[in-house]
Each structure stands twice: as C-alpha cells, then as structure tokens.
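Before any comments, here is the structure.
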Amino acid sequence: MTDSKYFTTTKKGEIFELKAELNSDKKEKKKEAVKKVIASMTVGKDVSALFPDVVNCMQTDNLELKKLVYLYLMNYAKSQPDMAIMAVNTFVKDCEDPNPLIRALAVRTMGCIRVDKITEYLCEPLRKCLKDEDPYVRKTAAVCVAKLHDINAQLVEDQGFLDTLKDLISDSNPMVVANAVAALSEIAESHPNSNLLDLNPQSINKLLTALNECTEWGQIFILDCLANYTPRDDRESQSICERVTPRLSHANSAVVLSAVKVLMKFMEMLPKDLDYYGTLLKKLAPPLVTLLSAEPELQYVALRNINLIVQKRPEILKHEMKVFFVKYNDPIYVKLEKLDIMIRLASQANIAQVLAELKEYATEVDVDFVRKAVRAIGRCAIKVEQSAERCVSTLLDLIQTKVNYVVQEAIVVIKDIFRKYPNKYESVIATLCENLDSLDEPEARAAMIWIVGEYAERIDNADELLESFLEGFHDESTQVQLQLLTAIVKLFLKKPTETQELVQQVLSLATQDSDNPDLRDRGYIYWRLLSTDPVAAKEVVLAEKPLISEETDLIEPTLLEELICHIGTLASVYHKPPSAFVEGSRGVQHKRIPIRSGSGESSESQDTGGAPGATEAPAAVIPSQGDLLGDLLNLDLTPPTSTAGAPPGPPMPMGGMDLLGGGLDSLLGGDIGGSPSMGSGFGAPAAVMPSSLNAPVGGGLGDLFDLGGGVGMPMGTFVPPKTLWLPAMKGKGLEIMGTFARRAGVIQMEMTLTNKAMSVMTDFAIQFNRNSFGLAPAGPLQVPTPLSPNQTIDVSLPLNNGGPVMKMEPLNNLQVAVKNNIDVFYFSCQYPISMLFVEDGKMDRQVFLATWKDIPNENEAQFQINDCHLNSDAASNKLQGSNVFTIAKRTVEGQDMLYQSMKLTNGICVLTELRVQTGSPTYTVSLKCRAAEVSQCVFQCYEAALKN
Amino acid sequence: MIGGLFIYNHKGEVLISRVYRDDIGCLSTPYPSWERNAVDAFRVNVIHARQQVRSPVTNIARTSFFHVKRSNIWLAAVTKQNVNAAMVFEFLYKMCDVMTAYFSKISEENIKNNFVLIYELLDEILDFGYPQNSESGALKTFITQQGIKSQVRDKDEQSQITSQVTGQIGWRREGIKYRRNELFLDVLESVNLLMSPQGQVLSAHVSGRVVMKSYLSGMPECKFGMNDKIVIDKQQGKGATSDDSAKSGKQSIAIDDCTFHQCVRLSKFDSERSISFIPPDGDYELMRYRTTKDIILPFRVIPLVREVGRTKLEVKVVIKSNFKASLLAQKIEVRIPTPLNTSGVQVICMKGKAKYKASDNAIVWKIKRMAGMKESQISAEIELLPTNEKKKWTRPPISMNFEVPFAPSGLKVRYLKVFESKLNYSDHDVIKWVRYIGRSGIYETRC
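Those protein sequences? They're chains S and W, same order as listed. The opening residue of the first sequence carries number 1 in full-length UniProt numbering; numbering runs sequentially from there. The opening residue of the second sequence carries number 1 in full-length UniProt numbering; numbering runs sequentially from there.
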C-alpha cells in the first residue's frame, strides 16, 4: 500500500533492473515497475531510456496501469518521436472502446502528445469523439480541439473542427457547452480578428441557460466569455445583468469575481437614472465584502480587484470602510492591500476612524507596513482637507517616537502636505529640523532639503543647515544632490547678501566636479539664469508651485478601463495589462468597456458589437503620459513622486562655459533686482519671461543649441505661416493671427495680438475646449498689459497635452476662448498634426515591419502629392524636421521607397511608405495606423512640409 | 490556463509534478531540463527565500506562480498566461479538499504513499489546465485506490458514472437507499470582534456556516428556511396578523450576504429568496453567511495595563459573560500578550487556571466552563528586563477563544422540508437534528 518506497530507490544500475521488471510476465510486477519509473520521473531523474519497455505495457485492461503509461508517454513522447508512433495503434483502438471513460482517456492523452506524426492520427478519432453519444467523451474532445490547435492551428481549421466546436455550444449537456466555450475562447485569443465566437443574442441566451446548470468551473468559463461580449443596447445589457446577478451568491469566489466583471462592464451601458442601475450598485457591495472572509490568498486577489473597483466606482463600497481594517493576524500581503483601500475610501465622514486605525498600525512590527501606514496618514491629509491638522499632529507624535524609519517616512509625507497646503503648517519646521541628523535615506534627506530651501526665509540658520549637507556632496545620491542644488539657489534668491559663497560653491560642485549630466545641466541652467537675468531666475525658481492632489497614485484611466475588463485575472492582480507579462500573441488584445448607447440607436451600433477586433477601432485617441518631454520638464522642483500634473517649466537650452564668465561677475556685483537683460546674447525681452524662454534662442547660440544637431540635418520644424484666427470685427477690436510651432519638444501656440479698438485692453486669458489630443495651455497667457490702441504684440504660449480629451471633427480642430477686459471671444483653428510628432518617434526596423504587418489592411490609406520637385533625400531631411523619421530606404527600378514612422504625443504610431519616382513630380504616400482617423491629417502635414 | 502543477515538501523537493502546457518552458528543449527550471525557480525564490511570503502570487521570469501551503506542503500552480487568478486559488483549495477526502491529512508521507492516485486525480480534474468536475463524491465513484479493471463494469454503470460527472447534478448519484432517512444540520458561527481599550466596538461581524449531513434515499428535493428578515418582512406583507408580525419581527435577522453550495438554485434564491436544492449525499456545507447587525457579543474583555517604572507592568483583565444565565460557555481561553523582555510573571485569577508561556510571550488563562451573566478577573505582575531598545513594546491585542451553545447572530432554523415524490417516504418520516454552535473567530480587544 505504501507507494512512498518508490521514491527511495537510489541504487546504481537501477535502470537496468527496471527494464527487466517492465518486461516481466507478472502483471503485478509490471505495475510496480511502472510506478517506480513514474516516481523517478517526478524527482527529476531521466528515465527516457525505458521508453520502449514502458510503451509495451500499454496494452492492458488495467485502467490504473494504463493511466500510468499514458502519463509517461505525455512526458517523454517528444524526446522519442519515432518510438511514440508505437503507441498510436493502442490509442486509436482505445478511442473505440465500449467504455466511455477509456475513450475519453485516450483522446485526452493523445492531445497532450505533441508529436506531429501522432497528431495526424488524432484527427479521425477526435472527429468521432466530438460526436460521441456520451457527454463525458464530448466534453473531453472539446478541450482536445484546443490542444490540437495549440500544436497545429492550420490542421484544426482544415479539418473543420472549429465548426464542430461551435455546434457544441448548443449541446444538451452543460459541461460540454462550458468546455466548448473555454476552447473557443482560447482559440479566438490567437485569432483576434476572426469572428470565431460569434456572440449574438441567440448564442448569449444559450450561454446564460447553461450558466445555471453547469459546474462551478464551467460557470467561470462562461462568465469570462460573456465579459467579451458587447451588448447591442441598454435593454440587452440590463437583461444579461439580471441573469448574471444570482451568481454573486455562489460559494466559489472566482464565480463571484467573474460575475462582478461582467456587471462592472455592462453597467457602463446602463443609463445612470435607471432604477435598475442603483439596484445593481447596491447588489455589488455585499459579495465583495464576503470575499474578505475567504482564505488569505483569495483575499489578496479580491483586494487587488477591489482596489480597481473602488477607483472606478467609489460609490459601491463607500460605507464599508470597517471591513478593511487590518487584523493583527492577517498575512502581510493582505495588510498592505487593505491599507491601500482604506486610503481610497477615506472621506470626511470616516476620517476620524481611519486616522485612529492608522496611528495604531504605525506602531506595528513589520517595517514595510509601518512605513505605508505613516505614508497613508499623509495621504489622508492631502485627500481630506478637514483632517489635515489632525494628520499633521499625528505625524508629529510619531516623529517623537524617534523610531528611525518612522521619522524619515513622516518627513517625506510632511513635505507633500506643505505642497498641498502652503503657508499653513510651517510651525512644525522646527521639530523637523531637530531630526536632521537621523535621516539616512535619500528620499527623506531630499524631502528635508526641499523643505529648508522652500522656507529658507523663515529658518534662521537655513544656510548653516544646507552647508552641513554640502560637505559630503559627492557622496550623496543624485536625488539629494539635485535637491540641494535647487534649495541653495532658492536660498540665494531669497537672501542674496549672505549666501553668495554658498551658491558659488554648489554651482561649481555641480557643474565642474560632477560626472552626472543631469546635475551638470541643472547647474548650468541656474548659473546662466542667475548670471543673465536674476529677475527671470526668481520668477522661474521661486515660481508658485501647482498644488498636488490625492490623485497622484491613481491608475491611469485607460489602463483602469482595461484592467476592469480583466477582473479576476492575473492582470488585475499585477495591475498591469496582459501584454506586460504575457509572451506572444495571446492577451495582447486590449479590452475596453463598451460605450453607452440608447436602444434607439441599436441598428447603427450593430457593427461595433461582436468581433473583438472591431471594438478596438474607436480607441484611437488615447491620452497618455510620459513622453520624452516628461524628463526634460521635470528639471525643477521636488522628487518625482509628487510632480504628476505639474505644468512643465520651460526647458532651457544650456550654453558653453565661456558665456558665463561675465555673467557671474555681474551677478556677484549685487543688485539683484536691477536691469533685466545684462548684455548677454539673449534676445528675448525680459517682460515676457518665462514663457518666451522657449522661443528660439537668438544670436550665435543657435547652432550650439540645435537639438537636431549633426551634418545634413534639416532646418527644424515646419511652421505654417500665421493665419487670421479672430478678425477684429468679431473680436470687438481685438485681432488675432496665429500659428503653431514645435520648438525643442514643446508645442507653441504663436499669436500676434493687435488692438484695433479705441480703448486699452487688459486682463488677457486663454482657455481651450476639450480636443482630440488633450492640448491645453501649459501656463497662463503672458501679455504685457495694457495693450494700447493700435499696438501689436507677439506672444507665444507653450502647450502640453495633459488636458481633457474629446474627439473633434476635423480631428485637429481646436476651439479657443480668449478673454480680455472687454469680452470673451471664441474662435477655432486647426493645428498641423505634425506639432504632435514627438522626438523619439523613430521606430526600430523590426518593430516597423511587425507593426506594419499587424495593422489590418482596412486601415491603410493612400494619397498622392503632386508638383513636388525634391529628390528623396531632401524629402527625407525635410520631413525629419517635423519628426517624421526615415527608417529605411529601398530603390526599386528607379523608384525610391522611404519607410517612415512618427509617433504622436498620445502614443499613436503612424507608419508610412513614401514612393518617389525619379523625375516625376508626383509622390505616393501609403499610410498605416491603428487609428485610421489620423490619416487625413498626417497627409496634410506631408503635403505642407514637402511643399514648404 | 494553468500550465503545470507542482507539490513540494518543506525542503523544496518535488513530490508531484504535472505539466499541462508547453508554454511554461521553452519549446525547443526536451522535458526534464525546462520543467526543472520552473520547478527550481519557485524553490529558490519562494520556498528558500529568507523573509516571509510577501505575496501568494509570484512572477519570476515572466512565469507566474500561485501557491498555497498546507502544513509543511507547498502546492504551486504555474502559468505564463493571463489566467483567472481567483479560479486558480479556488482550484488549489479544491485540490486540497479532494486529497483530504481521499487520504485525510495532507502530509509528505501521505502524498508519497498516494502519488499514483494523485496523478490519476490530476489527470481527471484538470484537462489542458482547465478545471473539470472536482466533487470528491463523484470522483470516488470511478477513481479508487484499488485500481478498477475496465471490463468489470457493465454498461449501465459506466454511463451512470459519466452522466453524473458531466450532468446537471454532478454532486449526487442516483439510486441511493437508506433504511432510516436522517438529516443533521449544524449552524456553526464564528463571531469576530475588534474592540478598543475603552470598550468601543471597532468592528464586529459573524461569519456563519450551515453544515449538513444528509442520509436520504433517492433524489430528494429540500427546502431550507430561516429567520431571514427579508423573507419574514415579505410574509408579513401578505396579511399576517399584527401580533404575529411583532413576534416574528423581533426574531428575524438581517443577513448581509450569503453564498451557497453549488447544489442550491441561485436564480430561485435571487427571485424568491427561497433556498431549495437536491442535497449531496453525506457531509457538505450548504451555505455561508455574514451578519453585522445586532450581534450578541458573548464576552466582554476589560483590560487595564499599567507601566510601573521601566521594569514592571501591572495587568488586570476582567471578562464578563453576556448571555442567558442558563447557558454554559465552554473552552474559554484568554491570551494576554507580554513584552519580549519579560523576565518573570506572577498571576492571580479567581477562576480557572492561568500560566505564563514564555515561548508564546503570553499569559494564557483557561476556564473550562462559565455560565451567562457572570464575571471573572485575572491580575498579573510582569517583571521586565531593562533594555536599551528605543522602540517601545507594540502591545498586541488581548485575544479570546470560547464556544457557546447558541448562534451569536440570532439565526434560527425555521424549517427544513424534504420532498421525494418517487419514493414513499414523506417529510415527517425524516429524522432531523439541529444544533447551534457559536465560536470565537478573531475576538480581540486592544489594550
């Protein structure tokens, strides 16, 4: 009875002995021998040498022995394909066995043997088994189709197995239906564009019927499949929801989570004022809370999902704060997740309770947990304004404990609190300064230095404090060095007389003695700024910082939408899209929540439902963060944790050392508030600082700063001539001409304002309507007011793409409102889409090829450009100026083919093929992009750039 | 889907390995080497990791490992795809249930002794990584430890097995006969409490289970009724007399949420809130539920901790029983944590026995029985070794264990009716036993 003895055979010559036993006449002995072989296989020994002997034992009427032999075959058939063929006969015979258990076993095992020769023989038995009279055989055969597809997809299609599988969805047995759904869903994943699952109201109805009858696992397969369906209208959506809600009471948490996924997704289509919508919201909360009484591993999965649900629909769980309180014996992974959700649910109503809990947690044992609890207190302060004072005093209490990591964590969050509520809690600075010596982590040191720099004028010994840090400057981490540099510059601008030496010291440490380019660049920028225009320096360095908000740690909305579609799966546990951790074609499809459409429009919206590929199309205009600019613009201010949402400060090109000489002298000569331009090479008038810093740098500096750099490079972005945007007639005397330009990676809106009225104009401001790419002013409109009658002024407004998004028609349309003391004026203009081409849009060749193939042909557009007399190189150069990058060039029969790529600020890539026939003035552009809407705009840019 | 399933002992040695998908290793290398990579990765990164487990899901080299631990045994499911994570864990638990049903305890010895059986089970309940029917009742009809000869079975028996495994009622077979039809119903509740030192309830809930043992012939249809507030209110709406409503209204309880065994017709519960089902044979858990309102907290713990100088603590704890005086609570145990630098403890208690357990860093006070509406107390003096540690003692909460013969949620079974139309026994012939047990879950008072 004790099989464990098989694990302990470690003799030499074992294989030889086993061989003899396998060939024994006695059945018992044979079986014993096979068991030994399997045991050896399990512990990792190579027993492949016994292949023929084991296969010989296959023909037996002992089911247990047969299963063992099959197990062996599955593991070793690949390494011995020729021998494996010996087994085929037995398999084929077993598929005809009168016992359905044996028929199923044979077809199940055959599918697991990944040897081509065997696969060929599998087709006939499989075809029979798919139509077997016994449901047990059919449900096994259904999964076998998926196995075969994994080995040889073409074969499955050729043999027509997919149609048979589709028929099984109407099978009378619920388990057969469930397995067929599972198999089809898996196969469909590797064919994103096929209409394999063909979900329509009829088939959905069948699935919903099977849902009530099949096993818990089958219910999961069906619910996961349902989640991919897009209902045609809100009525259908509601009726599916009604039939799915009973699943919320299932004992199996996975069934519950999959049902939650379907409901969360389909709810989006229901009108908010519908009674049913409110009922559904109420029904969702209890099952989610119940998941927290499951085993800890499942609790963890549930909590990661609840974290997403709370971000998407905070109203569901807003009254359930208490269930997320941490229990002393919770595993650490459960504790950390609960803490996260507590903060998300914190509101004015429950903040007192939350704070009491957090304070309790801050005295626990686990360091990570304690840190997170301290950080959470800070986040509460930022989220719930009324609680800020309480939070700060709690943090001060914690600092008094002198526990090293608690103090450091507290200082980091207090810095954030200062950012949120400036000039409110500075009284605590003294307490913070007492703990200066105990800070040994870079983040805490940087935070403390930031505080000292920011409030230098209120800290008597700020210079001493900063100087003390300066001693070990080169041993500090970059984060601390950068912060120290900025803090000392701030200090200098605030108390110029006493700190000249200090600032000189830090500037030379940063620029001359450092190898870190970031540090050097920032050092030079400050140096130049201080030397040329201290007033501007003050405006830049001491500019008012944008307030931070609690949303900094929220998941980006498009990602959140996608993750909601993946509730219950690994993606929702990792909080990453499947493409981030799944290799190959599977899971690369992006899932989206359907958009609401009323029942009246059902006929129109029909074409968007159904095929998974089709739902992808409207996803074109996605705002995304983190383009190249992000890094450049992050120059000033604070560690990255709190910078999200900060409008970028102007990037400042830096110059050579020689330019600095005179500047520094004059700087040290005092008179900070003195005359603006100090005779250096800067042409821009000081008055329009800081926005005009972005304007091209004049004088001899030009070529030094040319970002494109290098020989044969183009002259820069194509800038269309200014056009009349707002005629004086409509603008009550204000005329606006304007254009767009992209300079040093920043989109600029350049306008000429003319006052054609009789009175003075003041108080200019600008605002954009929501637009396709989320363009928004990065700062206020800087107009040196007043603008007197007949005066004309050029202003340029830097833009970013962090604004709200709405699709416009045409795509590049921008609606603008300009306000002055007289009235508000509205006009709309169109920006060339090339303004949105980012500098890092050059694609790798391989990626280009793969992407080109990957984009369906329907998305290809072709245009012709006439009367263009450039050769292909010149064209390539010209286009490069607009960030259209040539990846490869091919010449075929006198025709040059340029393969080019560009990337938009929101991450959309556009791929083109430009055909230039030598001697012919007509170019042909073939263009492919996942978001086909942009094609027309891109084409316009090509034409404009090439003809310019 | 699940790519492979491994079972390890506490040393990280593989006891069982079953691979379902090629993708968990690279395709070109033959079996032993690549599979071993996944196996080793988990051993090195999780089982042998120095620190405690930070997450039950681990991603190593784009391969995800899900694990659960039962005593010294690790079960790990491996995948490279975006699987349904909740399903994988539910499956691992189910796997444990099935193994327990076959050979009681999950231990290294039992796994080695039954490895052939386990492989057979794994072949049946996971196909290509998709979980299949895993009800141990059904599995036991055709996967046995004796090794069945395929010819022995007649055709009827075979098709009966397959229709049960795939059928709508996968949890029960036809043709069960008992001479005596009996039903045992246990309402098992665990009451959870977190109380502040001042006696304020921070959170409290009851998680309850209705566990049944049914020995019934045929395919009986059962209907279970309890004092669910929603049902009772509905009945009152249908014109019951005001006397009745006052009486029953008091006794009804509000259930926050409940989940059911797969035998319960969920759509019927959703529409009519009635619990009807065809029960599995033998033991099963019919439902779980959770309540938070009007919970009877059987005990109240009142702690008093005083620090006398740096080397002494005085602790006094009073417990009060808060239920009918005629009922008796049993197995009462109070755990009072002590600091790590405790050198000696003196305890005085009025009732039961109290001991300082240095290994647990706690004073354990045990009382065998205690009637309702009583009070008892313990006081202790704790001597401390002087330390130079800056961090002060974190004061873990005082926890309590007990068992009471009633349901702290107030749940009452109103009826359990059995209908079997084909066989000639009626609801009255079934012998029914109902029992209520309330236990402490996590019952903690901060001090």
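Note that beta-carbon positions come from the ideal geometry of N, C-alpha and C, so glycine has one too.
inquiry  = Classify W/His48: buried if its beta carbon has 16 or more other beta carbons within 10 angstroms, exposed otherwise.
reply    = exposed
ask   = So what does W/Glu174 bridge to, in DSSP terms?
value = DSSP, once it has assigned bridges, lists no residue as partnering W/Glu174.
query = How would you write the range of the beta strand (DSSP E) that S/Phe885 sits in, first residue to last?
reply = 885-892
key: Cβ neighbour criterion (16 or more within 10 Å) applied to W/Trp433   = exposed
query = Which ranges does the alpha helix (DSSP H) cover as unbroken runs of at least 4 residues, wholly within the segment 818-862 of chain S, from first to last along the chain?
reply = 845-854
task = Determine, using beta carbons only, whether S/Gly278 comes closer than 8 Å to chain W.
result = no
query = Which chain S residues sit within Cβ distance under 9 Å of W/Thr162?
reply = Pro100, Leu101, Ala104, Asp134, Pro135, Tyr136, Val137
Contact set between W/Cys258 and chain S, taken where Cβ atoms lie within less than 7 Å = Ser249
task = Could you tell me the distance, in whole angstroms, from the CA atom of W/Met195 to the CA atom of S/Ser253?
result = 29 Å
request  = Taking all protein chains shown into account, decide if W/Ile230 is buried (16 or more other Cβ within 10 angstroms of its Cβ) or exposed.
outcome  = exposed
ask   = chain W beta carbons: is any one of them nearer than 8 Å to that of S/Asp224?
value = yes
inquiry  = Among S/Ile240, S/Thr215, S/Glu216, S/Cys214, whose alpha-carbon lies nearest the alpha-carbon of S/Val226?
reply    = It should be noted that the sequence gives Leu, not Val, for residue 226 of chain S. The option with the nearest alpha carbon to S/Leu226 is S/Ile240.
query = With 8 Å set as the bound, which would you pick, yes or no: does the beta-carbon of residue 527 of chain W sit closer than that to a beta-carbon of chain S?
reply = Residue 527 of chain W is absent from the model: chain W starts at 1 and stops at 447.
query = Alpha carbon to alpha carbon, how far is W/Asn24 from S/Ile113?
reply = For clarity, residue 24 of chain W is Ile in the given sequence; the question names Asn instead. Whole-angstrom Cα-Cα distance: 16 Å.
query = In three-state terms, what does DSSP make of S/Tyr425?
reply = coil
task = Could you tell me how far apart the beta carbons of W/Val315 and W/Ser359 are, in whole angstroms, since I believe they sit closer than 8 Å?
result = Between W/Ser359 and W/Val315 the Cβ distance is about 19 Å, and since that is not below 8 Å, they are no contact.
message = Considering only DSSP beta bridges, list what W/Ser440 is partnered with.
response = W/Val191
key: Nearest to W/Val318 (by Cα), restricted to the options W/Glu333, W/Arg310, W/Phe6   = W/Glu333
task = Work out the CA separation of S/Lys372 and S/Val795 for me, nearest whole Å.
result = 47 Å
inquiry  = Using C-beta distances below 6 Å, list every residue in its chain close to W/Tyr215, excluding the 5 sequence neighbours before and after it, in chain order.
reply    = Tyr178, Glu182
inquiry  = By the three-class DSSP mapping on this structure, what secondary structure does S/Ser691 have?
reply    = At S/Ser691, the pLDDT of 38 sits below 50, so the modelled position is not reliable and the matter cannot be decided from this model.
task = Name the one or two DSSP bridge partners that W/Leu313 has.
result = W/Glu307, W/Ile382
query = In whole angstroms, what separates the C-alpha of S/Leu529 from that of S/Phe266?
reply = 56 Å
message = Taking 8 Å as the limit between beta carbons, can you name the residues of its chain near S/His869, skipping five residues before and five after?
response = Pro921
query = Residues in its own chain within less than 6 Å of S/Lys494 by CB, not counting five upstream and five downstream?
reply = Ala456, Glu457
query = Are the C-beta atoms of W/Met87 and some chain S residue less than 8 Å apart?
reply = yes
key: is_contact[W/Ile16, chain S] using C-beta, thresh 8 Å   = yes
task = State the DSSP-derived secondary structure class of S/Leu637, mapped to helix, strand or coil.
result = Caution applies to S/Leu637, whose pLDDT of 36 falls short of 50 and renders its modelled position unreliable; the model cannot decide the point.
ask   = For a contact meaning CB atoms closer than 9 Å, what does W/Ile253 contact in chain S?
value = Within chain S, no residue comes near W/Ile253; the closest Cβ sits about 15 Å away, beyond 9 Å.
inquiry  = If you measure between the beta carbons of S/Pro804 and S/Ala778, is that distance less than 8 Å?
reply    = no
ask   = Short check: CB of W/Leu188 to CB of W/Arg209, under 8 Å?
value = yes
inquiry  = Give me the chain W residues within the contact set of S/Pro287, using Cβ-Cβ distance strictly less than 7 Å, ordered along the chain.
reply    = Asp257
ask   = Does the distance from the CB of S/Ala87 to the CB of S/Leu68 come in under 8 Å?
value = no
task = Could you tell me which chain W residues have their CB closer than 7 Å to the CB of S/Leu257, listed as they occur along the chain?
result = Ala86
ask   = Any idea which residues DSSP pairs W/Leu5 with across the strands?
value = W/Arg18, W/Ala77
request  = Sort out for me which residues DSSP pairs W/His67 with in a bridge.
outcome  = W/Ala76
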